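Notes for the one structure printed next.
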C-alpha cells in the first residue's frame with residue numbers, strides 16, 4: 004500500500020537470491036530513497052576476477068551499466084587488493100624465472116623473456132581503477148567504522164565470533180549497511196563469517212538478518228559473481244557481443260580500406276575472425292567503453308622479375324568505442340593503432356602504427372628481462 008509517497012509493508016520479504024531463503028521485517032521505506040542497487044565485492048572477488056578483467060568481470064560491468072547500478076568499494080577492500088595483486092605479480096615473475104632456467108638447462112640455449120616492472124604493474128592497476136571510476140562508489144574507512152568494528156569484535160557479533168576476530172569483514176559489512184541507507188545492496192563474498200552456520204547454503208547469518216530488520220535495510224548475499232548475475236535473471240541488460248562486433252566492423256571498414264590501399268598495393272578482404280572486445284565503465288551514465296581488436300584479410304599483386312606475385316596479408320586494428328547496453332548503440336568508434344603483415348613463400352614483412360600507450364609500455368622503466 005502507498006500512503007503519501009511511502010510504501011507501507013505489513014511484511015516485507017528479503018531473499019538470499021541464490022537459495023531463495025527469506026527473512027522479514029515490518030516498517031516503511033520512502034519511495035524517494037529507493038534507487039539503483041549497489042554491489043559490494045569482497046577483496047578475494049576483485050583478486051579472482053583480476054579487477055573485473057575476466058569474462059565474468061566484463062559480464063558484471065555490462066549488467067551494472069545497463070541497470071545504472073554501482074559498485075560499492077570499501078576502502079579496506081581497495082587497500083587489500085592494491086597489496087595482494089602486486090604480490091601475486093611478483094610471484095608470477097619468479098615462477099617465469101624458474102621455468103626459464105629449466106628450459107635453458109634442457110636446451111642449452113640462452114633464453115631471455117621480458118615482463119612488466121613493478122612500476123608498470125602499479126600504473127596498470129591505477130589505470131584500471133580509473134577505467135572503473137564510472138561505476139565505483141567509494142566508502143572511506145572512518146573512525147566511526149573502526150569503533151563499530153571493534154565493538155563487534157568485543158561482543159563476538161557476526162561477522163565476528165568467539166575466537167574469530169574479523170575486523171576487515173566487520174568494516175565491509177558496515178560499508179554495505181551505509182550504502183543500504185538509500186538502495187539495495189548485493190554483497191558478493193565467499194567468506195564463511197557472513198553465513199549462517201558458516202555455510203553459504205544457509206544464507207546470511209541470522210544475527211545479520213536481525214540487524215537488517217532492525218534498520219529496515221536490504222542486503223542480499225551471494226557467494227560468487229556468477230551467482231549474483233544468475234539472480235538478476237531478465238533484469239540484467241542483454242549484451243549482444245555479435246551485434247557489437249558487427250557495428251564495430253561496419254564503422255572501421257572505411258578506414259581499414261584506406262590503410263590497406265596505401266601505395267595502391269592491397270584490397271581489403273573480409274574479417275578473418277570475430278572481433279575481440281572487452282568492456283569497462285565510463286563516467287557517462289549507462290555507457291560502457293569497449294576496447295576491441297579486429298583483423299581483416301588483404302590481397303594484392305606485385306610485379307617482380309619472375310612475373311606477378313600474389314601477396315596475402317593481414318591488417319589488425321585496435322581501438323575503442325562506447326556501447327549502450329539498453330539501446331545496443333555503438334558510438335564514438337576510434338582506431339588507436341594498426342599493424343599490417345605480409346606473407347608469401349619468399350618473405351614476411353610488416354608495418355606498424357603503435358599507439359602512444361604501447362610506446363610507453365615498452366620503455367626501459369616499464370619492461371624487465373626475466374632470466
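In our numbering, the protein residues as written are 4 to 374. Built from N, CA and C at the ideal position, the CB exists for glycine as well. This one's a predicted model, so the numbers in the text were calculated from it and none came from an experiment.
- Around the Cβ of residue 157, are there at least 16 other Cβ atoms within 10 angstroms (buried) or fewer (exposed)? Looking up residue 157 in the chain shown gives position 154. With a 10 Å radius around the Cβ and a threshold of 16 neighbouring Cβ atoms, residue 157 comes out exposed.
With distances taken between CB atoms, is the gap from residue 65 to residue 189 smaller than 8 Å? The residue you call residue 65 lines up with position 62 of the chain shown. The residue you call residue 189 lines up with position 186 of the chain shown. For the pair residue 65 and residue 189, the CB atoms are not nearer than the 8 Å cut-off.
Find the nearest neighbour of residue 334 within the set 78, 270, 268 and 293, judged by alpha-carbon distance.
Within the chain shown, residue 334 is the residue found at index 331, counting from 1. Put simply, of 78, 270, 268 and 293 the residue whose alpha carbon is nearest the alpha carbon of residue 334 is 293.
Return yes when the Cβ of residue 140 is within less than 8 Å of the Cβ of residue 60, no when it is not. Numbered from its first residue, the chain shown carries residue 60 at position 57. Numbered from its first residue, the chain shown carries residue 140 at position 137. No, the pair does not count as a contact, with Cβ atoms beyond the cut-off.
Inset, instruction - Look up residue 371 in the DSSP assignment and say whether it is helix, strand or coil. - result: Taking the first residue of the chain shown as position 1, residue 371 is located at position 368. Note: residue 371 maps to strand in three-state DSSP.
Taking its Cβ as the centre, do 16 or more other Cβ atoms sit within 10 Å of residue 143, making it buried, or is it exposed? Position 140 of the chain shown, counting from 1, holds the residue named residue 143. Exposed, by the Cβ-count rule.
Is it true that the CB of residue 322 sits closer than 8 Å to the CB of residue 295? Walking along the chain shown from the start, residue 295 turns up at place 292. Walking along the chain shown from the start, residue 322 turns up at place 319. A contact, by the Cβ cut-off of 8 Å.
Margin query: Do residue 174 and residue 77 count as a contact pair if the criterion is CB distance below 8 Å?
Written below: Translated into positions along the chain shown, residue 77 becomes position 74. Translated into positions along the chain shown, residue 174 becomes position 171. Their beta carbons are under 8 Å apart, which means residue 77 touches residue 174 by this criterion.
### Bounding residues of the beta strand (DSSP E) (the contiguous stretch that carries residue 42)
The sequence position of residue 42 within the chain shown is 39, counting from 1. In this chain, the beta strand (DSSP E) harbouring residue 42 covers 41–44.
Item to check | residue 231 in three-state terms, based on DSSP | outcome: In the chain shown, the residue the question calls residue 231 occupies position 228. It is helical.
Report the three-state DSSP secondary structure of residue 125 (helix, strand or coil). Sequence index remark: in the chain shown, residue 125 carries index 122 (1-based). Residue state, collapsed to three classes: helix.
Check your understanding: By Cβ distance below 6 Å, which residues in the same chain neighbour residue 276 in space, the five residues on each side in sequence not counted?
Key -> Indexing the chain shown from 1 puts residue 276 at position 273. Apart from sequence neighbours up to five positions away, no residue of its chain approaches residue 276 with a beta-carbon distance below 6 Å.
3 or more residues per run - each beta strand (DSSP E) lying fully within the region 157–203: Here the runs fully enclosed are 188–191.
Cut-off 6 Å between Cβ atoms - residues of its own chain near residue 376, not counting five sequence neighbours on either side:
Examination of residue 376 is not possible in this model, given that the chain is present from 4 through 374 alone.
Margin query: Are the CB atoms of residue 301 and residue 318 within a distance shorter than 8 Å?
Written below: Sequence index remark: in the chain shown, residue 318 carries index 315 (1-based). Sequence index remark: in the chain shown, residue 301 carries index 298 (1-based). Closer than 8 Å, so yes.
If I'm right that residue 89 touches residue 120 with Cβ under 8 Å, what's the distance once you round it to whole angstroms? Sequence index remark: in the chain shown, residue 89 carries index 86 (1-based). Sequence index remark: in the chain shown, residue 120 carries index 117 (1-based). Contact flag wrong, Cβ pair sits at about 11 Å.
* Along the chain, where does the alpha helix (DSSP H) that runs through residue 103 open and close? -> Against the chain shown, residue 103 aligns to sequence position 100. For residue 103, the uninterrupted alpha helix (DSSP H) run begins and ends at 78–110, by DSSP.
Residues in the same chain with beta-carbon distance under 6 Å from residue 250, minus the five sequence neighbours each way, listed in chain order, please. Residue 250 sits at position 247 when you count from the first residue of the chain shown. Spatial neighbours of residue 250 in its own chain (CB-CB distance under 6 Å, excluding positions within 5 residues in sequence) are listed in chain order as 333.
Query raised in the report: Since residue 141 sits in a beta bridge, which residues does DSSP pair it with?
Result: For the purposes of this step, residue 141 is taken as the residue at position 138 of the chain shown. Looking at the DSSP assignment, residue 141 forms a beta bridge with 76.
- Message: Restricting to Cα atoms, I'd like to know which of 123, 204, 297 and 312 is closest to residue 343.
- Response: To locate residue 343, count along the chain shown from 1; it is residue 340. Closest in alpha carbon position to residue 343, among 123, 204, 297 and 312, is 297.
Handout entry: CB-CB length for residue 50 against residue 87, believed under 8 Å
Key = In the chain shown, counting from the first residue as 1, residue 50 sits at position 47. In the chain shown, counting from the first residue as 1, residue 87 sits at position 84. With a beta-carbon spacing of about 5 Å, residue 50 and residue 87 fall inside the 8 Å limit used to define contacts.
Do the CB positions of residue 227 and residue 191 come within less than 8 Å of each other?
Looking up residue 227 in the chain shown gives position 224. Looking up residue 191 in the chain shown gives position 188. Residue 227 is a Cβ neighbour of residue 191, given a cutoff of 8 Å.
Check: Going by beta carbon distance, what residues of the same chain come within less than 7 Å of residue 331, once the five residues before and after it are set aside?
Finding: As a working note, residue 331 is residue 328 in the chain shown. Excluding residues within five positions, the ones whose Cβ falls inside 7 Å are 243 and 246.
| request: Note down the Cα distance separating residue 44 from residue 368, rounded to an integer number of angstroms. | output: One-based indexing of the chain shown puts residue 44 at position 41. One-based indexing of the chain shown puts residue 368 at position 365. Roughly 33 Å between the two C-alpha positions.
Worksheet item: What three-state label does DSSP hand residue 119 in the structure shown?
Response: Counting from 1 along the chain shown, the entry for residue 119 is found at position 116. Residue 119 falls in the strand class under three-state DSSP.
Beta-bridge partners of residue 317, as assigned by DSSP | Along the chain shown, one-based indexing puts residue 317 at 314. The bridge partners DSSP lists for residue 317 are 300 and 344.
In angstroms with no decimal places, state the Cα-to-Cα distance between residue 223 and residue 149.
-> Counting from 1 along the chain shown, the entry for residue 223 is found at position 220. Counting from 1 along the chain shown, the entry for residue 149 is found at position 146. Going from the Cα of residue 223 to the Cα of residue 149 covers about 23 Å.
query: Got a sec, what are the start and stop residues for the beta strand (DSSP E) residue 270 sits in?
result: Taking the chain shown and counting its residues from 1, the one referred to as residue 270 is at position 267. Residue 270 -> beta strand (DSSP E) spans 269–274.
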